[in-house]
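What follows is a set of notes on a single structure, which appears directly below.
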Amino acid sequence: MTADSLLSTRPEPARRGVATASLATLVVGALTIAIYLLLPDNAQSISYVLIGLSTVSLTYLGAMRNLPRGERLPWQLFALGLLGQVAGDAIFAFYEVDLNREPPSPSVADVFYLAGYPLLAAGIFLVLRRLGAQSGRAAVLDSIVVFGGVALVQWVFFIDQYNHIHFSTEAARVVAMAYPAVDALLLVGFAQLLVGPGGRTPAYRLLLLSVALWIVADEVYGLDTDGYSGGSWIDMLWLGSYVVWAAAALDPSMRNIAQADRRQLPRLTKTRLSAPRGRAAHCARDPDPRAHGSPCCARLCDRDRRCDRRGPGPDAARRARPRRRAVSPRRAAGPSGGRAGSASPRRPERTARRA
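Heads up, the sequence shown is in the working numbering, so the first residue is 120 and it goes up one at a time.
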């Protein structure tokens with residue numbers, strides 16, 4: 120056995136072991152959440168913090184085990200962001216268990232909660248940047264447009280309503296408005312992950328699911344007018360997000376989470392729609408249909424060659440006119456005037472809509 124074969128076969132048991140660890144995390148996490156719902160109030164508060172701490176540890180461990188040193192930063196930011204949430208949960212539990220009352224608003228718990236969101240969003244945007252989805256002026260403009268739309272929705276449904284609700288202090292009102300604002304960061308990151316070029320590996324899907332669970336829990340919590348009560352199904356969503364995030368970090372496919380999938384391309388853009396016209400133009404110009412690999416063009420070119428051997432017929436001029444139109448610069452290049460396929464796949468799409 121050669122050294123190359125040894126290197127290629129040795130990591131397989133480790134990969135299987137880590138994949139088993141990811142599946143075990145999901146199973147054990149689901150059972151733990153089910154048990155959590157059956158516990159009394161004080162035990163629920165303590166177990167909530169313990170579940171969060173264990174998932175943060177597993178997230179950090181998965182990043183250290185599966186990734187080289189230069190690629191760990193997004194997952195380390197995920198672990199730090201989750202740790203901020205767990206720290207807020209611990210302070211909340213301290214007030215409930217030891218002081219037998221809810222924390223004031225605002226409190227130190229809000230500082231940790233709010234500090235965790237930018238870290239989670241930064242980790243998502245780093246993943247997107249390494250995928251190539253966050254580079255260039257067009258990507259920045261896309262992010263600004265998406266953020267503007269998300270911020271408008273958050274303002275209409277969440278932030279603006281706090282102007283009409285009585286708060287004990289203005290600081291409490293500002294903190295209440297801050298939560299939908301930082302949720303907008305996660306919503307933008309989730310939207311770009313959902314349509315991004317990342318390969319749909321198990322770790323990528325688990326990351327999408329964890330962010331989705333977190334956003335749904337936050338949005339439902341903001342819309343809930345009856346008040347929050349511990350041990351509700353909203354807690355299940357938050358705890359489920361913790362568990363799924365840890366499972367994503369432990370899955371071996373997270374090594375390829377920052378590799379773009381070239382099949383994930385925008386559909387029906389002007390560049391794609393101009394490809395058949397460009398191929399037809401090349402077919403008319405190039406007598407060898409194998410150069411562009413089209414059976415239809417091959418049959419057309421064979422028919423033209425047979426007609427050329429017979430000599431020009433009465434309809435030769437009629438056949439020549441479409442061919443001249445097909446090879447004109449504007450038809451071959453597409454409506455944008457450039458070479459076919461040279462423009463950005465997103466920008467021509469907006470041009471087509473205006474047209």
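Positions of the beta carbon are idealized from the N, C-alpha and C atoms, including for glycine.
Burial is judged here by how many other beta carbons sit within 10 angstroms of a residue's own beta carbon; P159 has fewer than 16 and is exposed. Per DSSP, the unbroken alpha helix (DSSP H) holding N161 starts and ends at D160 to N185.
Around the beta-carbon of L157, fewer than 16 other beta-carbon atoms lie within 10 Å, marking it exposed. Counting other Cβ atoms within 10 Å of its Cβ, L247 reaches 16 or more and is therefore classed as buried.
Looking from the CA of L342, the closest CA among W274, Y361, A368 and E289 belongs to W274. Per the coordinates, the alpha-carbon of S287 lies some 17 Å from the alpha-carbon of Y298. Setting aside the 5 residues that flank it on each side, T178 is surrounded in the same chain by W194, F197, A198, L201, W364, A365 and A368, each with a C-beta closer than 7 Å to its C-beta; the list follows chain order. The beta carbons of V205 and V168 sit about 6 Å from each other, so the pair counts as a contact at 8 Å. Pairing L332 with Y155 gives a Cβ-Cβ distance that is not under 8 Å. Three or more beta-carbon pairs separated by less than 8 Å link the stretch 226-245 to the stretch 288-308, which places the two stretches in contact. Per DSSP, I278 lies in no alpha helix (DSSP H) and is assigned neither H nor E. Judged by DSSP secondary structure, M373 falls outside any alpha helix (DSSP H); it is assigned neither H nor E. Within 10 angstroms of the beta-carbon of T139 lie fewer than 16 other beta-carbons, which makes it exposed. For A270, the CB contacts under 8 Å within the same chain, skipping 5 residues up- and downstream, are A300 and A303 in chain order. For R191, there is no enclosing alpha helix (DSSP H), since its DSSP letter is neither H nor E.
In the three-state reduction of the DSSP assignment, F309 falls in the helix class. Under a 10 Å Cβ-count criterion, L218 is classified as exposed, with fewer than 16 other Cβ atoms of the shown protein chains found around its own Cβ. Excluding five sequence positions before and after M183, the CB atoms of its chain that fall closer than 8 Å to its own CB belong to R191, given in chain order.
The beta carbon of A310 sits closer than 7 Å to the beta carbons of V265 from its chain, once the five residues preceding and following it are set aside; these are given in chain order. The three-state secondary structure of E221, taken from DSSP, is coil. Scanning L312, R319, E221 and T320 for the CA closest to the CA of V330 turns up L312.
Secondary structure at D343: coil, using DSSP grouped into helix, strand and coil. Between L172 and L260, the alpha-carbon positions lie close to 37 Å from each other. About 17 Å separates the Cβ atoms of G148 and V335, ruling out a contact at the 8 Å cut-off.
In the DSSP assignment, G235 falls within the alpha helix (DSSP H) that extends over V227 to L250.
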